[in-house]
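Quick notes on the structure that follows.
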Amino acid sequence: MAEDKESAVSEEIKDIVTIEESGPCKKKVSVEIPAEKIKKALDERYGELRKDAVVPGFRKGRAPMRLLEKRFGKEVSEQIKLKLLADASEAAVKDSELDILGEPDIDHEQIELPEEGPMKFEFEVEVRPQFDLPELEGIAVQKQASEVTDEQIDEEIETLRKRAGIWVPKEDGKVEVDDQVVADVVLKVEDAAEAERHDNVEIMVRKNSFVGPVPVETLDEVLVGAAGGEKKEVSVNVAESFFNEQYRGKKIDVEIEIKEIKKLEPAELNAGFFERFGVENADELRERIAEYGRAQAERNVRANMADQVYRYLLDKTEFELPGAIVADQSMRILQREYSNLLIRGTKREQIDERMEELRASSAQRAEEQLRLFFIMSKVAEKLEVPEASEEEVNGYIARVAASRGRRPEKMRQELARDGSLEQFKLQVREQKCIEKILESANITEVKAGKAAKETKKADKKAAKKESKKVAKKTAKKAAEAQGKKKVTRESTTKKRTKKT
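5 is the number of the first residue of the sequence shown in the working numbering; add one for each residue after it.
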């Protein structure tokens with residue numbers, strides 16, 4: 005890890021600025037503004053004011069200084085104080101070459117402009133972590149095979165045939181898995197005054213399928229082997245997290261009267277079918293599928309290789325993070341997770357019960373995301389990777405939009421509107437860094453699946469390590485918070501005693 009460098013202070017302000025460590029990635033900056041500087045600023049302001057101030061009994065620009073001070077003193081003092089604080093804090097940070105994150109936190113109300121002598125104030129700033137990068141050349145990376153087999157192509161063609169297929173009546177057969185049943189359904193919901201009737205409901209026969217609005221986990225067991233005209237019954241206990249509040253946590257008796265059984269008839273491999281995919285025959289279709297499969301497999305392989313590089317960088321780089329930005333990032337992740345759980349139908353009480361677990365998970369993810377952000381930022385500098393150009397960003401947006409079935413220009417507008425465009429620029433630059441690292445990596449080809457398995461194993465190990473680290477920090481912070489509360493209570497008691 006790089007040793008913390010002493011903050012360099014310029015000749016101009018070294019006598020009035022001192023900088024000390026005050027925590028991980030945190031500096032305390034103490035500033036003393038000389039009395040001469042304050043007097044000069046006040047004189048200049050009163051000189052400007054004198055030219056335009058209207059004071060009864062005096063011509064414009066002729067009012068005595070003592071009257072100006074009496075009439076405008078409070079306002080001028082506040083203006084000068086704020087200006088001096090802003091200028092001095094900015095100069096202190098700039099001349100001390102502090103690489104700060106965010107803005108200095110100065111409590112202006114607690115600082116007064118003195119009638120005589122220097123003005124002293126201090127503030128804390130969080131600074132970018134200082135650390136050394138590990139070796140970036142010759143990183144050991146596994147590359148899994150990405151071939152597309154005839155068997156995979158056959159499976160994809162069969163899937164396409166089924167998607168384009170039609171449901172036809174099954175005249176004399178029994179219900180089988182993946183059949184479709186048309187049925188009249190009666191739902192007797194716990195505590196409901198009347199049963200619900202749903203006619204001509206189309207039901208897919210498979211495990212964890214829906215009967216109308218209700219999920220039935222064992223539906224395949226209930227219906228397989230049944231014939232048209234038969235009635236089947238099953239009781240279900242709907243999960244507490246189910247999205248539909250009407251059935252959430254309820255016991256429901258489900259009656260199914262089978263009216264018709266249908267089977268899927270896959271589309272034939274004919275001219276009409278080939279035309280749908282812009283090809284003329286089966287060979288062209290197979291080649292199209294193979295091309296798509298190879299491209300998708302290559303993307304997966306590159307993503308896995310990138311994950312291995314990220315894991316290497318995280319494992320080999322140790323540094324502490326600024327507490328405030330970790331807390332902010334953790335809170336954003338927690339809020340997003342909370343909203344997602346609500347959208348999925350989880351009750352607030354259930355989420356609240358898991359709050360400690362969610363907080364720990366959010367803190368862990370926040371730490372890893374931020375560590376990776378600082379690492380990749382330094383990697384980009386070391387490898388001299390330029391920021392992403394507009395052309396590169398547009399290309400990246402086009403690829404993402406295509407994968408989501410959206411229009412690139414509309415997606416770009418949304419990103420610009422919600423402030424996510426800068427994040428996309430960072431992602432493009434990060435990808436360029438990864439590609440540059442992979443150019444010099446020590447790559448070993450392995451069987452499909454092995455690299456992903458190794459990465460997953462490494463991620464699990466790292467997550468466990470990070471979880472322990474976060475838990476330790478959380479406990480430490482809780483103890484510190486408790487200590488602060490105790491000190492505050494003691495301080496308050498002393499003040500009250502003194503008052504009495």
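Ideal Cβ positions, reconstructed from N, Cα and C, are used throughout, including at glycine. Quick caveat: nothing in here was measured; it's all calculated off a predicted structure.
Contact test: Y314 Cβ vs the ligand ATP heavy atom, cutoff 8 Å: With respect to the ligand ATP, the structure shown offers nothing to examine, as it has no ligands at all.
Helix, strand or coil at A144 [DSSP, three-state]: strand
Closer than 9 Å to chain D by CB, M309: You won't find chain D in this structure, because it holds only one protein chain.
S343, buried or exposed, once every other Cβ within 10 Å from all chains shown has been counted against 16: So S343 counts as exposed.
Burial state of G77 (16 or more Cβ within 10 Å): exposed
Which of helix, strand or coil DSSP assigns to P219: Here P219 sits in strand by DSSP.
Those runs of the alpha helix (DSSP H) which lie wholly inside the segment 359-437 and span at least 4 residues: With a minimum length of 4 residues, the continuous alpha helix (DSSP H) runs that stay inside the segment 359-437 are 359-386, 394-407, 412-421.
Helix, strand or coil at G77 according to DSSP, with G and I counted as helix: helix
Nearest-angstrom Cβ-Cβ length linking D182 and V145, presumed shorter than 8 Å: By a beta-carbon distance limit of 8 Å, D182 does not contact V145. Their separation comes to about 41 Å.
Backbone secondary structure at N204 - three-state DSSP: strand
Own chain residues within Cβ distance below 7 Å of I329, not counting five before or after: L105, E130, L374
CB contact flag (L88, I42, <9 Å): Going by C-beta atoms, L88 is nearer than 9 Å to I42.
Buried versus exposed call for N248 [16 or more other C-beta atoms within 10 Å across all chains shown]: exposed
Where G282 falls: helix, strand or coil (DSSP): coil
K320 vs P138 beta-carbon contact at 9 Å: Contact flag set, yes.
K1 in three-state terms, based on DSSP: Here the chain comprises residues numbered 5 to 504, so residue 1 is not present and cannot be evaluated.
Three-way DSSP call (helix, strand, coil) for S444 in this model: coil
C-alpha gap between V21 and L325, whole angstroms: 25 Å
Beta-bridge pairing of P173 - partner residues as DSSP gives them: K266
Bounding residues of the beta strand (DSSP E) (the contiguous stretch that carries Q350): Correcting the residue identity first, residue 350 is Thr in this sequence and not Gln. Careful: T350 lies outside any beta strand (DSSP E) and carries neither H nor E.
Straight-line Cα distance separating R252 from G349: Computed Cα separation, rounded: 9 Å.
Nonlocal neighbours in the same chain, by C-beta distance under 8 Å from L425, ignoring five residues either side: V397, R416, L419
Cα-Cα separation, E113 to K124: 13 Å
Candidates A271, Y400, K255, G177, of which the one nearest V228 by Cα: G177
C-alpha distance - I401 paired with A392, whole-angstrom precision: 12 Å
E264 vs G232 beta-carbon contact at 9 Å: yes
Bounding residues of the beta strand (DSSP E) (the contiguous stretch that carries K30): 30-37
Cβ-based burial, S334 [other Cβ within 10 Å; buried from 16]: buried
N446 classed as buried or exposed, judged by whether at least 16 other C-beta atoms fall within 10 angstroms: With fewer than 16 other beta carbons inside 10 angstroms of its own, N446 counts as exposed.
Residue span of the alpha helix (DSSP H) that contains I161, given as start and end: For I161, the enclosing alpha helix (DSSP H) has its first and last residue at 154-167.
Close beta carbons around V80, own chain, < 6 Å, minus the five adjacent residues each side: R49
S239 vs A452 beta-carbon contact at 9 Å: Judged by their CB atoms, S239 and A452 are not nearer to each other than the 9 Å cut-off.
Contact check, R234 vs E206, beta carbons under 9 Å: The sequence given here places Glu at residue 234; Arg does not occur at that position. It is not a contact, given that the beta carbons lie outside the stated cut-off.
Sub-9 Å separation of K147 and V313 beta-carbons: no
Cβ distance (whole Å) where V186 is taken to contact N204 below 8 Å: The C-beta distance from V186 to N204 rounds to 6 Å, short enough to meet the 8 Å contact threshold.
Delimiting residues of the beta strand (DSSP E) encompassing D188: 184-193
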